[in-house]
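Residue numbers (the working numbering): 46 to 510.
Written out below as structure tokens is the structure these notes cover.
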Amino acid sequence: MSITFPTNFQWGVATAAFQIEGGASLAGRKPSVWDTFSQQWRRSSRGHMVPMGFAKPPHLDACDHFHRYQEDVKLMAALGVTQYRFSISWCRIIPNGRGSVNVAGFEFYERLLDCLEAHGIEPVVTLFHWDSPLALENQYGSWRSREMADDFADYVTAVVTRLGDRIRHWITLNEITCFTHLGYNDRVPPEHAPGTIVPRWRDVWQTSHHALLAHGLGVQAIRAASPQPCRVGLVDNFGITVPLSETPANITAAQAAFPYHCNNGGLIYPAITGQYHAGFWKTLGAEAPQVQDGDLTTIHQPIDFLGLNIYTGSHIRAADNVRGYEYLDLPSGYPRLDMPWLNFFPDSLYWGIRHVSETLNRPDLSLIITENGCAAQDEVNAQGEVLDLDRILYLKQHLQGVARAITEDYPIHGYYLWSLLDNFEWSWAYAKRFGIVYINYQTQQRIPKASYYWYRDCIQAGKLL
Ligand code: GBH
């Protein structure tokens, strides 16, 4: 009993530059913070981070998409997606982070854009997906400094000036929380690059404030440089609060718990509303970042869509306490996918869309699921197939939530599956597979998984099969 999706619904897949490209030192690219960070740390078999201990790992080849992009675009064309979300690497375009532009870097993206155009796939471009130029980290601590926002805006101007005639959908930043709060904190060892331990929490909040400034300046730069009408958005990962049962009291509780004031999606609240949430100042107190006059005006640029990366959620129920709600711990046997944080919460897609739409007071704001997908322990069987039936279960259940949101008229206009290819999964390197196409990292052979064919059939039918 599933609906037919609207004919203008955008079906897509998503990737990010550092996770798939490889070619780390080709065509004038210089290192990002992830190039060095990923050589310093790796996951132990017990899941925690330990020093890498070898100098030249093959990991920077990722999926060698830099050379194999044509094959990858063909896979997307055969899948039937209408849009492809990918990111541009700042350190390919401006290898030192600031200063001169690298034409050879642009040429790679021009080849990719040509190929997408030839196959009728629309590009949706993320300008920053965590790969800060290492030079800027060394020079002034990248996101720790306000200078980062200005340098980002200059990079954006360069990209939009050169490529803007062929791109109509732009995303400034992917998941501010991840590259600020997981990159700069007091965790040893750190989870994300640059993995810098900063003295005070206030300094961590300062990095995310700078990222918001970069977003605001970035939106202005896109609008100023784009030679054609375009749509600009921001992407974040909200912590999705799912009512344990859909009683009015639990729904109210889940909305009250939806985290606007601080972490996750809360970080982008000022970009949508022009203010940090009252709860932000209250919770942070002396840890709050320094905000200069005019910052909030810069940050609060009109955007055309909001991208939600949703993978999982938490159960909430109404409670007789000061807040009026409580988070429920999951029992140890609760179903989850192949990541410690990836609990099976198919209703998180529906509730994510609904909470954002109802509680931001922006019912007009167009929403896109910019990432959803799961890691699974995929294996190639004797017939050479990858039967990732767990991923199909995950995707189908999650897409039911999108279908429900559409029937209830929430403004959800697209779904981008994470990810097209198995890829470099950040601090887990290649140990986790999120693709609907399997990668053999020895040979770089691509093998479409069962989920790839399932998604293809759904796109073609316009409904969940
Ligand atoms: C996305 O983030 C990323 O945009 C994408 O690049 C990535 O490949 C994909 O997810 C799959 O991971 O270890 O307890 O500190 C998803 C949001 C943010 C969820 C970081 C896990 C770490 C939790 N992720 N978070 S913890």
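For each residue, glycine too, the CB sits at the ideal point set by N, CA and C.
Each of Ser177, Thr452, Cys160 was checked against the Cα of isoleucine 139, and the nearest Cα belongs to Ser177. Nearest in C-alpha terms to isoleucine 221, of all of Leu257, Thr488, Glu192, Ser187, is Leu257. Cβ contact annotation for glutamine 422 (same chain, cutoff 6 Å, sequence separation greater than five): Asp383, in chain order. Taking the CA atoms as reference points, leucine 412 sits about 5 Å from isoleucine 457. Of all alpha-carbon atoms in Asn388, Asp365, Val367, Tyr461, the one lying nearest the alpha-carbon of leucine 375 is that of Asn388. Annotation for alanine 61 indicates a beta carbon within 6 Å of some heavy atom of the ligand GBH. The beta carbon of histidine 237 is closer than 8 Å to those of Phe82, Trp175, Cys223, Phe224, Leu227, Gly228, Trp471, Ser472 in its chain, skipping five residues each way along the sequence. Here threonine 452 has Ile48 as same chain residues with Cβ atoms under 7 Å from its own Cβ, once five neighbours each way along the sequence are excluded. Assigned with DSSP and collapsed to three states, aspartate 281 falls in strand. The C-alpha of tryptophan 56 is placed about 19 Å away from the C-alpha of glutamate 116. Rounded to whole angstroms, the gap between the alpha carbons of proline 493 and tyrosine 439 is 17 Å. Counted as a single uninterrupted DSSP element, the stretch harbouring alanine 61 is not any beta strand (DSSP E), since DSSP gives it neither H nor E. Distances from the alpha-carbon of alanine 72 to those of Ala149, Cys108, Phe54 put Ala149 closest. Rounded to whole angstroms, the separation of the alpha carbons of glycine 358 and isoleucine 285 is 5 Å.
Between the stretch 197-205 and the stretch 257-272, the count of Cβ pairs shorter than 8 Å is three or higher; the stretches touch. Here tryptophan 463 is not near glutamate 332, since their CB atoms are 7 Å or more apart. Bridge partners of valine 482 according to DSSP: Leu466, Pro493. In this structure, glutamate 66 has its beta carbon at no less than 6 Å from each heavy atom of the ligand GBH. Around the Cβ of lysine 327, a 10 Å sphere holds fewer than 16 other Cβ atoms; the residue is exposed.
Annotated as distal: glycine 144 and alanine 107, with beta-carbon spacing of 7 Å or more.
Taking glycine 397 as the centre and dropping the five residues before and after it, the same chain places the C-beta of Phe283, Ile285, Leu353, Ile355 closer than 7 Å to its C-beta, in chain order. Linking proline 408 to tyrosine 455 through their CA atoms gives a straight-line distance of about 8 Å. The secondary-structure analysis by DSSP pairs tyrosine 460 across a beta bridge with Trp56, Ile414. Note on leucine 434: under 16 other CB atoms within 10 angstroms of its CB, so exposed under the neighbour-count rule. Residue pairing by DSSP places proline 288 opposite Ile361 in a beta bridge. Serine 187 counts as buried, since at least 16 other C-beta atoms from the protein chains shown sit within 10 angstroms of its C-beta. Using a cutoff of 6 Å, the CB of cysteine 108 does not count as near the ligand GBH, since none of the ligand's heavy atoms is closer than that.
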